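Structure first, then comments.
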Amino acid sequence: IDGTIQETPFTSSVSGKTKLDEDIQLEITRINKTKFQLDWNVVAGATSYDVYMKTSTGSYQKVKTLKADVCKYTTSVLTPDTYSFKVRAARYSGNERVVGKLSNAVRGKSVFTKPNVQIEAISNNSIQLSWEKVDGVPYYCIYRKVSKEGAYQKLTSVSSTTYTDEKLENNQTYYYNNTCIWIFNHK
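Position one of the sequence shown corresponds to residue 10 (the numbering used here), numbered consecutively onward.
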């Protein structure tokens with residue numbers, strides 16, 4: 010050392026992230042028998058919200074991420090079950106995604122009205138089934154059995170509100186059951 014002072018560049022870096030700890034007040038409203046709308050308050054600092062859903066036997070799954078200016082979510086048509094929903098706020102701190110705590114759960118039960126099936130014999134060997142459309146149901150499953158105690162067998166699925174069962178035996182009694190089929194996608 011020759012008695013000169015050498016300065017070394019020294020940089021000190023401290024980082025921290027602020028929490029998104031404001032409670033989300035989540036509310037659920039039934040739109041119809043198969044759809045719900047979730048509404049919640051704005052969380053200061055949030056840039057998005059994650060919506061989670063679970064069925065009565067499932068676990069929570071994220072179904073949607075919404076921008077911060079959207080504080081509501083409408084479900085698609087849901088199959089008959091009891092659903093629970095939670096929401097949480099999120100934002101980015103640098104490259105890291107910071108999430109708040111999950112809201113308390115809200116619950117709703119989705120149900121369908123079973124179609125009232127009308128049966129008409131249109132010939133000696135064919136029967137026509139007809140029913141009113143059930144909102145939100147894309148397909149109907151037709152089941153038939155040949156005795157009161159017998160088991161139903163699936164015949165087909167149709168998107169229309171009529172079905173003609175043909176090539177039946179004359180003087181045979183047939184029993185029918187019309188069940189709705191549901192398709193849903195949350196993405």
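Glycine included, each C-beta is placed from N, C-alpha and C at the ideal position.
Here the structure is a predicted model, which is why all the values come from computation and not from measurement.
Using three-state DSSP, classify residue i as helix, strand or coil.
i, result
"GLN162", "strand"
"ASP32", "coil"
"PHE47", "A small fix is needed here, since residue 47 is Leu in this sequence, not Phe. Note: LEU47 maps to strand in three-state DSSP."
"ASN113", "coil"
"THR171", "strand"
"ASN179", "coil"
"ASN41", "strand"
If we count the other Cβ atoms within 10 Å of its Cβ and call it buried at 16 or more, is residue i buried or exposed?
i, result
"ASN186", "exposed"
"CYS119", "Reading the sequence as shown, one finds Ser at residue 119 and not Cys. Under this definition SER119 is a buried residue."
"SER112", "buried"
"ALA53", "exposed"
"GLY159", "exposed"
"THR43", "buried"
"VAL60", "buried"
"ILE40", "exposed"
"ALA55", "buried"
"LYS95", "buried"
"ILE128", "exposed"
"THR84", "buried"
"GLY117", "buried"
"ALA130", "exposed"
"VAL51", "exposed"
"ILE10", "Interpretation of ILE10 is limited by its pLDDT of 45, a score under 50 that renders its predicted location unreliable; the figure taken from the coordinates is listed afterwards. ILE10 comes out exposed."
"GLY67", "exposed"
"VAL79", "exposed"
Per DSSP, residue i forms a beta bridge with which residues?
i, result
"SER119", "ASP90"
"LYS154", "TYR184"
"ALA130", "ILE136"
Runs of 4 residues minimum, wholly inside the segment 52–109: which ones carry the alpha helix (DSSP H) assignment? Whole alpha helix (DSSP H) segments, 4+ residues: zero.
Does the segment 124–140 come into contact with the segment 96–116, if we say contact requires no fewer than three beta-carbon pairs (one atom in each stretch) closer than 8 Å? By the criterion of at least three beta-carbon pairs nearer than 8 Å, the segment 124–140 is not in contact with the segment 96–116.
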